[in-house]
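Chain order of the listed sequences is A and B. If you count by my numbering, then the first sequence holds residues 1319 to 1542, one letter each, in order. If you count by my numbering, then the second sequence holds residues 1319 to 1542, one letter each, in order. Every residue, glycine too, gets a C-beta built ideally from N, C-alpha and C.
There are 2 protein chains.
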Amino acid sequence: MPKQEGRLEVPEVVVERLPLYVRALKELAQRQVEVVSSKELGERLHTTPAQIRKDLSSFGRFGKQGRGYSVRTLLTALQQILGLDREWHVAVIGVGRLGRAIISYPGFAPEGFKVVAALDNDPRQIGQVIGGLMVQPIEELPRLVKEQDIQITIVAVPREHAQEVIDLAVQAGVRAILNYAPITPRVPNGVRVQNIDPVLSLQAMTYYLVSGERRPLKTPSGAR
Amino acid sequence: MPKQEGRLEVPEVVVERLPLYVRALKELAQRQVEVVSSKELGERLHTTPAQIRKDLSSFGRFGKQGRGYSVRTLLTALQQILGLDREWHVAVIGVGRLGRAIISYPGFAPEGFKVVAALDNDPRQIGQVIGGLMVQPIEELPRLVKEQDIQITIVAVPREHAQEVIDLAVQAGVRAILNYAPITPRVPNGVRVQNIDPVLSLQAMTYYLVSGERRPLKTPSGAR
DNA sequence: CACTGTGAATTGGTTCACAGCC
DNA sequence: GGCTGTGAACCAATTCACAGTG
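Following this line, the structure appears as structure tokens:
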């Protein structure tokens, strides 16, 4: 049985590593470094040179033999591949402490992620201004998505409301969701979800803490 | 060459899934569900029954043929395996907006993660009380780790300071670090790191958004 | 009879090793 | 000479399929 249709299916693990490369390359660019080898990049990211070369080879031939990769060229290429050469409009749903921290986080804008809307369902929050945005009722989501050209939603509501909020976002046409609520959301095909749950991360580490009590462990750096 | 020493090396991917099972089981337990099959659990978590059975089989035989798994029994077993049957003491370093949101996050305590210390290097922050904790200067970390029996550190400082703060934590004897700063930290063997960087998560999703413009995609739910 | 637990089969991902090139 | 790009070899993870069992 053939794979699904003719396109160069790049494995998801590879796609998830590309942003890491971008981050490292940006740092190098800022330090005026012009060329980097897969070996050097690998050392920075605690991965192997072969892995990096393999990953990149799924998208093209960016390097120069005997020399390495031009930082600028590779960076530009990866940004284009990842769609980072444009601005993305983001809505944040839920303006509790976490939502507020997200809205005010200065790390999004320089990467092209612009928070253009803040929503909540709590009447006491609605109308407040956070990070220059007036908090809107959740019912406004479909309109905002359309008018503000929102492609990404960040969900920072309590667990009980997360699935319904995600359903609404999907309904409104959003196809990428960054979910901070501790659930495994159900979404239709074609919608991407990334979940961030610090409790899960902690719980995976405690496994090694307790088993490390028995014997020492090596140090695989929990991805990313 | 043998693997490293005689123990039942459980792959890291498996360990990272266990907390997901715990989360789902807790929810079932709360709803008074007594028995669950790998099929049902798989549906909740968007994974296959075989995967769940395989994962669990690395740790023991928890199920009953023809019936499934006792929710309570399996939950207890997994909690013990992950070391969740005790209380873990956590220090939060960095009390900016994110650090404050973390300290006040009500999701940690019920899972046995108790934030017992808050630290910062900004003199204006030191002495303030956040979530019942007085903010201490970073220099106090070694003392606090010892006196408060801290095993885990959450790093929520700006990028520029993250590596040094992590070095200090390691120096102080911490062997598990949850890092929110956008860096790939360098840590010695035996120290676990989990990184949380929403920008990386967003960047992985935009890849699919732009490639999806060309043709529709299936929906693998970005892990967890 | 409906499920688990698990070897075997398969699929997927990583690493090796080297030809080719700058 | 030093590095990339890439098939081939290897290793890891997932899925299959079925024997075993409450």
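query: With which residues is A:G1354 paired in a DSSP beta bridge?
result: One detail in the question is off: residue 1354 of chain A reads as Val in this sequence, not Gly. Per DSSP, A:Y1387.
task: Compute the distance between the beta-carbons of B:V1475 and B:R1493, then report whether it is under 7 Å.
output: In this structure, B:V1475 sits away from B:R1493, with a CB-CB distance that is not shorter than 7 Å.
- request: Can you say whether A:K1536 is buried or exposed, counting buried as having 16 or more other CB atoms within 10 angstroms of its CB?
  value: Note that A:K1536 scores a pLDDT of 45, beneath 50, so its modelled location is shaky and nothing firm can be said.
- request: Could you say which of A:A1409, A:E1330, A:Q1521, A:E1531 lies nearest to B:G1430 if we only look at CA atoms?
  value: A:Q1521 is the residue among A:A1409, A:E1330, A:Q1521, A:E1531 whose C-alpha sits nearest the C-alpha of B:G1430.
task: Starting from A:A1419, find everything on chain B with Cβ-Cβ shorter than 7 Å and list it in chain order.
output: Ordered by position in chain B, the residues that pass the 7 Å Cβ test against A:A1419 are R1415, L1416, A1419.
message: Using only the alpha-carbon positions, how far apart do B:V1528 and A:G1401 sit?
response: Rounded to whole angstroms, B:V1528 to A:G1401 spans 6 Å at the Cα level.
message: Give me the residue from A:V1340, A:M1452, A:V1332 with the minimum Cα distance to B:V1517.
response: Of A:V1340, A:M1452, A:V1332, the residue nearest in Cα terms is A:V1340.
message: With a threshold of 7 Å between beta carbons, is A:I1456 in contact with chain B?
response: By this cut-off, A:I1456 is not an interface position.
field: Inter-residue Cα distance where the pair is B:A1499 and B:R1477
entry: Rounded to whole angstroms, B:A1499 to B:R1477 spans 5 Å at the Cα level.
message: By DSSP's criteria, B:R1510 is part of a beta bridge. Which residues make up the other side?
response: BP columns for B:R1510 point to B:A1494.
query: What does B:Y1526 touch in chain A if you count any residue whose Cβ is under 7 Å from its own?
result: Ordered by position in chain A, the residues that pass the 7 Å Cβ test against B:Y1526 are R1510.
- prompt: Relative to the C-alpha of A:R1504, which residue among A:K1372, A:V1483, A:S1519, A:A1490 is closest?
  reply: Looking from the CA of A:R1504, the closest CA among A:K1372, A:V1483, A:S1519, A:A1490 belongs to A:V1483.
query: Would DSSP call B:T1471 helix, strand or coil?
result: In this structure, B:T1471 counts as strand in the three-state DSSP scheme.
task: Give a yes or no on whether the minimum CB-CB distance between B:V1272 and chain A is below 7 Å.
output: The structure shown has nothing for residue 1272 of chain B, since chain B only spans 1319 to 1542.
- prompt: So which residues on chain B does A:T1366 lean against when the C-beta distance must stay under 8 Å?
  reply: Listed along chain B is no residue with a C-beta nearer than 8 Å to that of A:T1366; the closest approach is about 14 Å.
A:T1537 in three-state terms, based on DSSP: Because the pLDDT at A:T1537 is just 47, under 50, the model does not fix this residue reliably, and the value given afterwards should be weighed accordingly. In the structure shown, A:T1537 sits in coil (DSSP, three-state: anything other than H, G, I, E or B).
message: I'd like to know whether the C-beta atoms of B:G1386 and B:S1355 end up nearer to each other than 7 Å.
response: B:S1355 is positioned such that its CB atom lies closer than 7 Å to that of B:G1386.
message: Can you pull out the residues from the region 1333 to 1356 of chain B whose beta carbon lies closer than 8 Å to at least one beta carbon of chain A?
response: Within the region 1333 to 1356 of chain B, the qualifying residues are V1333, E1334, L1336, P1337, L1338, V1340, R1341, A1342.
query: For a contact meaning CB atoms closer than 8 Å, what does B:V1492 contact in chain A?
result: The contact set of B:V1492 on chain A, defined by CB atoms closer than 8 Å, is empty, because the minimum CB distance reaches about 10 Å.
message: Which residue wins for smallest C-alpha separation from B:G1414, given the options B:V1463, B:T1502, B:R1461, B:P1441?
response: Per the Cα distances, B:P1441.
message: If contact is defined by three or more beta carbon pairs under 8 Å, each pair taking one atom from either stretch, is the region 1420 to 1428 of chain B in contact with the region 1355 to 1369 of chain B?
response: Taking a contact to require three or more Cβ pairs closer than 8 Å, the region 1355 to 1369 of chain B and the region 1420 to 1428 of chain B do not qualify as touching.
- prompt: Thinking C-alpha only, which one of A:V1463, A:D1467, A:I1420, A:T1366 is nearest A:L1486?
  reply: Comparing alpha-carbon positions, the option among A:V1463, A:D1467, A:I1420, A:T1366 lying closest to A:L1486 turns out to be A:V1463.
Element boundaries [beta strand (DSSP E), containing A:A1435]: That run of the beta strand (DSSP E) goes 1431 to 1438.
field: Extent of the continuous beta strand (DSSP E) to which A:P1459 belongs
entry: For the sequence presented, residue 1459 of chain A should be read as Leu rather than Pro. Membership of A:L1459 in any beta strand (DSSP E) is not indicated; the residue belongs instead to the alpha helix (DSSP H) covering 1459 to 1466.
- prompt: If B:T1471 and B:I1421 are in contact, beta carbons under 8 Å, what's the gap, nearest whole angstrom?
  reply: About 13 Å separates the two Cβ atoms, so there is no contact after all.
message: Under 7 Å, Cβ to Cβ, is there at least one residue of chain B near A:E1429?
response: Closer than 7 Å: yes.
Chain A contacts from the region 1371 to 1382 of chain B (Cβ-Cβ distance under 7 Å): Correct list: empty, as no residue qualifies.
query: Is the shortest distance between the beta-carbon of B:S1519 and the beta-carbons of chain A less than 7 Å?
result: Yes - at least one Cβ of chain A is within 7 Å of the one on B:S1519.
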